[in-house]
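Read the sequence shown against my numbering and you will find it ends at 306, with the numbers running on by one and no gaps.
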Amino acid sequence: MRSGRTEKWARKLIASDKSEGYLLLGALYDEGSGSRRDYAKAAEYYRKTDTGRSDIGGDYRLGMFYLEGKGVRADKEKALAHLEEAADNRDNHAAFQLGMMYYEGKGVPQDDKKALGYFDRATYKRSPGMFNFGPDLFGEAYLPGYEYPRGVGKLMGKDPNVRAEAYYMMGLMAERGSGMKKRPSYAMQCYENAAEEGHLLAKQRLAVLKAPEEE
Numbered sequence: 092m093r094s095g096r097t098e099k100w101a102r103k104l105i106a107s108d109k110s111e112g113y114l115l116l117g118a119l120y121d122e123g124s125g126s127r128r129d130y131a132k133a134a135e136y137y138r139k140t141d142t143g144r145s146d147i148g149g150d151y152r153l154g155m156f157y158l159e160g161k162g163v164r165a166d167k168e169k170a171l172a173h174l175e176e177a178a179d180n181r182d183n184h185a186a187f188q189l190g191m192m193y194y195e196g197k198g199v200p201q202d203d204k205k206a207l208g209y210f211d212r213a214t215y216k217r218s219p220g221m222f223n224f225g226p227d228l229f230g231e232a233y234l235p236g237y238e239y240p241r242g243v244g245k246l247m248g249k250d251p252n253v254r255a256e257a258y259y260m261m262g263l264m265a266e267r268g269s270g271m272k273k274r275p276s277y278a279m280q281c282y283e284n285a286a287e288e289g290h291l292l293a294k295q296r297l298a299v300l301k302a303p304e305e306e
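As structure tokens, this is what we get:
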């Protein structure tokens with residue numbers, strides 16, 4: 092891996108006993124930023140992150156690796172264990188992923204009620220630092236006197252707005268009566284929440300549901 096400001100930042104964190112540094116090194120190999128993409132190396136660094144902390148995110152990424160067989164042998168049980176650990180630590184990306192797995196019945200038995208529960212958890216506002224990387228949100232991992240590399244924010248900011256996606260899925264399920272009785276008013280509320288965050292499909296469904304009221 093070529094030495095760069097982001098790698099130096101990561102290694103400085105590790106030297107200061109901050110596990111976030113391992114997450115950054117893993118992400119560099121994961122995204123192929125400054126080096127050839129190497130999922131096995133990325134997985135190795137993700138394993139070194141501090142699990143059980145809501146400001147890390149290694150569990151989510153490692154869970155996705157096991158789910159997709161990236162850098163490790165695909166293992167649905169390990170994927171679930173890591174994703175559930177991440178979701179329990181308020182990682183809304185992990186919660187959304189679990190919601191989709193139960194909604195579609197992929198890797199787990201199809202279960203609309205469990206899907207709804209995870210989608211609801213995915214709407215929590217607080218998400219791990221890996222999705223909001225920066226000195227102001229880095230907490231105690233921020234090192235005073237060390238210039239923050241812009242590459243960190245670019246590297247870690249590629250995940251979609253899962254809160255909007257989760258609200259949309261909850262609206263869709265409420266509209267269709269999946270995992271609950273049909274609840275048009277609740278569906279509209281969920282669509283409105285998603286639409287406020289720019290979700291285009293939610294705006295379309297909202298317009299359809301509001302049309303009869305306007306006639």
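Heads up, the beta-carbon is just placed ideally off N, CA and C, and yes, glycines get one too.
None of the values given here were measured: they were computed from a predicted structure.
- Query: Can you tell me the Cα-Cα spacing of G196 and Y258, whole angstroms?
  - Reply: Looking at the two C-alpha atoms, the distance is approximately 19 Å.
- Straight-line CA distance for A134 to T140? Their backbone Cα atoms lie some 10 Å apart in a straight line.
- Could you spell out where the alpha helix (DSSP H) holding A265 opens and where it closes? A265 -> alpha helix (DSSP H) spans 253 to 267.
- E98 to M191, Cα distance in whole Å? Approximately 34 Å, taken between the alpha carbons.
- Query: By a C-beta neighbour count over all protein chains shown, 10 Å radius and 16 as the cutoff for buried, is G123 buried or exposed?
  - Reply: Exposed, by the Cβ-count rule.
- Task: Could you check the C-alpha separation between A265 and E168 for me, to the nearest Å?
- Result: Their backbone Cα atoms lie some 30 Å apart in a straight line.
- In chain order, what residues of the same chain have a beta carbon less than 6 Å from the beta carbon of R254, not counting five sequence neighbours either side? Counting only Cβ-Cβ distances below 6 Å, and skipping sequence neighbours, we find T214.
- When you compare only the Cα positions, how much space is there between D146 and L300? The pLDDT assigned to D146 is 48, lower than 50, so where the model puts this residue is not dependable; a value taken from the coordinates is nonetheless given after this. Their backbone Cα atoms lie some 38 Å apart in a straight line.
- Count the other C-beta atoms from every protein chain shown that fall within 10 angstroms of the C-beta of F224, then say buried if there are 16 or more, exposed otherwise. Bear in mind that the predicted position of F224 carries a pLDDT of just 41, short of 50, making it unreliable; the figure below should be weighed with that in mind. By the neighbour-count rule (16 or more Cβ atoms within 10 Å), F224 is buried.
- Query: If D166 and Y157 are in contact, beta carbons under 8 Å, what's the gap, nearest whole angstrom?
  - Reply: With 8 Å as the limit, D166 and Y157 qualify as a contact, their Cβ atoms being about 5 Å apart.
- Measuring CB to CB, does L189 end up less than 8 Å from L207? No; because the gap between Cβ atoms is not below 8 Å, this pair is not in contact.
- Out of M279, Q280, M261, state which residue places its alpha-carbon closest to the alpha-carbon of M271. Of the listed residues, the one whose Cα sits closest to M271 is M261.
- Message: Just verifying my parser: in three-state terms, what is the DSSP assignment at G196?
- Response: Of the three classes helix, strand and coil, the one that applies to G196 here is coil, per DSSP.
- Query: If A185 and G162 are in contact, beta carbons under 8 Å, what's the gap, nearest whole angstrom?
  - Reply: Between A185 and G162, the beta carbon gap of about 18 Å keeps them out of contact (Cβ cut-off 8 Å).
- Item | The alpha helix (DSSP H) enclosing M271, as first and last residue numbers | No alpha helix (DSSP H) contains M271, which DSSP labels as neither H nor E.
- Message: Quick check on DSSP: helix, strand or coil for G154?
- Response: Correct three-state label for G154: helix.
- Alpha carbon to alpha carbon, how far is K294 from D108? K294 and D108 have their C-alpha atoms some 46 Å from each other.
- Task: For N180, name the three-state secondary structure that DSSP assigns.
- Result: Judged by DSSP in its simplified three-state form, N180 adopts coil rather than helix or strand.
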